[in-house]
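Residue numbers (our numbering): 264 to 469. Where a beta carbon is used, it is the ideal one built from N, C-alpha and C, also for glycine. Bear in mind that the values here come from a model prediction, so they are computed numbers and not experimental data.
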Amino acid sequence: MRVWEVQNAFGIDNLKLVDKPAPTPGPGQIVVAMKAASLNYRDLLTVKMGGAPLPLIPFSDGAGVVEAVGSGVTRVKVGDKVCPTFFQSWVDGPVTAEARNLALGGTVPGVLQEKMLIAADGVTKFPDHLSFEEAATLPCAGLTAWRAIAVEAPIDARSTILVQGTGGVSIFALQFAKAIGAKVIAMSSSDAKLERAKALGADYLI
C-alpha cells in the first residue's frame, strides 16, 4: 500500500510517498481504507518543524471505510464509514495527559496511508449524508468548535459569540452557532475573508 511519510528529517521536502505492506488487524483492531484527508495548520507545522518521532505518517483528520476487523470487535463492522478520532484514547470527559500523548499524525501514525491499522475504539461512524471529504474535516476543527460552544461554554439562541479569524475552528463555530440561533461576530484582517464569513451567516464583521 502507499503511504506518505516524513523520513529522516522534518520538512516538506522530506515528505515521501513510499510502499509498505498492507496491515492485518489483531484483536480489538480494524483496518480502514482511507478515502479522504483534510489539512489542519497543526499538520503543516508537524511536517515542517517536528515534535514527533520519525519516521512520521502525518495528518490527523480523515475518513474511510472499514475493510477488516480483528477478533472481539463489535463497535464497527466491515463497510462502515468512519473517521479516526484525534486523541485515540479519549472518548469523553476531561482530556487527560495520557490522551494528549496519543494524537494522530504525531505520536500515533496519521491518516495519509491507503490502509490504516487502528484500534476499533479509535474511530467513530459518520452520517451517510456526508461525503468522505466533508467527514474528513470534522475530527479536529469540527469537534474543537463544538466542544467550545456546547460543552465548555454552552450557548443558546440568546447568545452572541466572537470568532477570531477564519480558520477551520472559527468557521465551524460560526456555522454551529447560527444553527443554534445565536448571533456571531466575525473578526479578520481580510475583507475577502470577512465577506466569506458573512455569506456563512455572520451577523457582524470587524
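| task | Since I believe I293 is in contact with V266 (beta carbons under 8 angstroms), could you give me their beta-carbon distance rounded to a whole number of angstroms? | result | V266 to I293, Cβ: 17 angstroms. No contact.
| query | Would you say the segment 326-346 touches the segment 416-434, given that touching needs at least three Cβ pairs under 8 angstroms? | reply | no
| said: Quick check: the Cα distance between D466 and F349, rounded to an integer number of angstroms? | reply: 31 angstroms
| Per DSSP, the bridge partner or partners of V386 | P347
| How far does the beta strand (DSSP E) with E415 in it reach, from first residue to last? | Taken as a continuous stretch (DSSP letters only), E415 belongs to no beta strand (DSSP E), as it is neither H nor E.
| said: Residues in the same chain with beta-carbon distance under 7 angstroms from K340, minus the five sequence neighbours each way, listed in chain order, please. | reply: V329 and V332
| query | The alpha helix (DSSP H) spanning T370 covers which residue range? | reply | Element bounds for T370: n/a, residue is neither H nor E.
| said: Within 8 angstroms, do at least three Cβ pairs link the segment 296-315 to the segment 360-373? | reply: yes
| task | Just the C-alpha distance for A411 and L365, rounded to the nearest angstrom, thanks. | result | 21 angstroms
| field | For G373 and S323, believed in contact at Cβ under 8 angstroms, the rounded distance | value | 6 angstroms
| message | Which residue wins for smallest C-alpha separation from A315, given the options P290, G325, S352 and V269? | response | V269
| task | Give the single residue among K446, L319 and Q376 whose Cα lies nearest to the Cα of N271. | result | L319
| message | Let me confirm a value: I434 is counted as buried when at least 16 other C-beta atoms fall within 10 Å, else exposed. Which label applies? | response | buried
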